[in-house]
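For the sequence shown, the positions run 191 to 343 when this note's numbering is used. Cβ atoms here follow ideal geometry from the backbone N, Cα and C, with glycine treated the same way. What follows is one structure encoded as structure tokens, with my remarks underneath.
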Amino acid sequence: AGNLHAYLRGTAVEIMASSDNVLRGGLTSKHVDIPELLRVLDFDSVGVPWVRARRDGHERLYAPPVREFELWRVALDEAGTSGPATTRIGGSTPRILLCVQGTVQLRCGHRVLNLQRGEAAWVAASDPELVVQAASSDATVFVATPPARTWSV
Numbered sequence: 191a192g193n194l195h196a197y198l199r200g201t202a203v204e205i206m207a208s209s210d211n212v213l214r215g216g217l218t219s220k221h222v223d224i225p226e227l228l229r230v231l232d233f234d235s236v237g238v239p240w241v242r243a244r245r246d247g248h249e250r251l252y253a254p255p256v257r258e259f260e261l262w263r264v265a266l267d268e269a270g271t272s273g274p275a276t277t278r279i280g281g282s283t284p285r286i287l288l289c290v291q292g293t294v295q296l297r298c299g300h301r302v303l304n305l306q307r308g309e310a311a312w313v314a315a316s317d318p319e320l321v322v323q324a325a326s327s328d329a330t331v332f333v334a335t336p337p338a339r340t341w342s343v
């Protein structure tokens with residue numbers, strides 16, 4: 191809290207708990223409350239709070255020390271001998287998927303949806319297991335869920 195941050199280049203996926211106390215510092219068309227920003231801003235240098243990923247096959251888990259969420263990076267860029275790379279994401283938890291590279295195919299029950307780079311999908315907790323399959327040779331998707339989900343590769 192109290193630290194200003196910005197993204198200068200590259201692809202950034204930011205995830206945070208629901209909050210109504212966001213202050214903007216500029217570079218936006220949204221409201222910027224400069225007096226309040228200057229009041230709460232901490233100008234001291236701080237270290238970068240790295241969250242190390244745990245790798246498991248196609249997946250990397252980013253599990254910050256919070257109870258609201260975890261973030262998975264799924265790189266489905268390696269086709270196996272039995273066909274396109276696939277990951278299964280268990281049901282009973284809400285899931286938000288963001289495709290950042292290539293194309294992925296989502297199958298949930300009898301529904302099928304293709305996501306291309308820059309597209310996202312919401313999967314409700316009441317939906318069954320979700321199958322995420324590479325539809326291109328360089329597919330990468332981020333999946334945000336509450337902690338302790340069930341996946342299988």
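- According to DSSP, residue pairing for Y197 in a beta bridge does not occur.
- The secondary-structure analysis by DSSP pairs F332 across a beta bridge with R263, L288.
- Nearest C-alpha to L266 among A329, I224, R199, P337: A329.
- Taking a contact to require three or more Cβ pairs closer than 8 Å, the segment 294-311 and the segment 222-237 do not qualify as touching.
- The DSSP-derived three-state label of L213 is coil.
- DSSP places V203 outside both helix and strand once states are collapsed to three, so it counts as coil.
- Beta-bridge analysis with DSSP links V302 to R297.
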